[in-house]
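Inspection log for the structure reproduced underneath, given as structure tokens.
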Amino acid sequence: MARVKWTKEKIVKRILSLHKLGEDLSNSNVKRIDGALVGAATAYFGNWSAALEAAGLDSSEVKKASQRRRNEKIKKWTSEKVLEEIRQKADAEKDLSYAYMKEKHPALVAAAGKYVTSWKKAVEAAGFDYKEVQEKGKLHRQELNKIWRGDLLLERLDKFGESPDERDVSNKAPAFHKLLIKHFGSWRSVVSALKKRRKERV
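Counting from 1, one number per residue, gives the positions in the sequence shown under the numbering used here.
Listed below in structure tokens is the structure:
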């Protein structure tokens, strides 16, 4: 799928489209369903709240509505349901750490705090070693950061033309060339990753 070329108008249009669909427009929820939109909004407007205001929406009301939704979801929970949901998420997610789950599954984390006093205790009550969960979460975040850094490097390399030449890149941007080799291991791997990235975006 081709990458969206964002403009302020496209960002506002997308926000209003989500609003019309009745989506929760809180930063955390939109980041979950459309992370690119939040990133573009931050780049063009400075922050998510400013983008909401530009779309004619009251950011404080959006926050209140989001909180009401979370409260409604929490009411449906019990301690048993919290533990059951954590076990299900463990099968589907690589990361059960507090930071990751709070962003991706805020209702579950909130319910854990309400019914099992804390996320740590809920995870342990569900049968998991919390220290191990934290370690796996750290590795998962490092993996995501590596993917993100690699994508940024390839995005810049893409500007060197259809078939970037290693010598040309090294001469024009030696520091950038070193970063590419350090990240991917070899120029052949760099070229392979670039081809894969372009293919995925067709």
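Glycine included, C-beta positions come from ideal geometry on N, C-alpha and C.
Item to check | Beta-carbon gap between residue 133 and residue 96 smaller than 8 angstroms | outcome: yes
Checklist entry - Candidates 79, 38, 144 and 193: which alpha carbon is nearest residue 94's? => result 144
Checklist entry - Are residue 54 and residue 16 closer than 8 angstroms when you measure CB to CB? => result no
Next on the checklist: Quick check on this structure: which residue in 150, 184, 191 and 118 has the alpha carbon closest to the alpha carbon of residue 165?
Outcome noted: 191
Checklist entry - From which residue to which residue does the alpha helix (DSSP H) around residue 5 run? => result No alpha helix (DSSP H) contains residue 5, which DSSP labels as neither H nor E.
Item to check | Close Cβ partners of residue 33 (< 6 angstroms) along its chain, the five nearest in sequence each way excluded | outcome: none
Checklist entry - Just checking my contact of residue 89 with residue 105 at CB under 8 angstroms: how many whole Å lie between their CB atoms? => result 7 angstroms
Checklist entry - Residues in its own chain within less than 8 angstroms of residue 181 by CB, not counting five upstream and five downstream? => result 187 and 190
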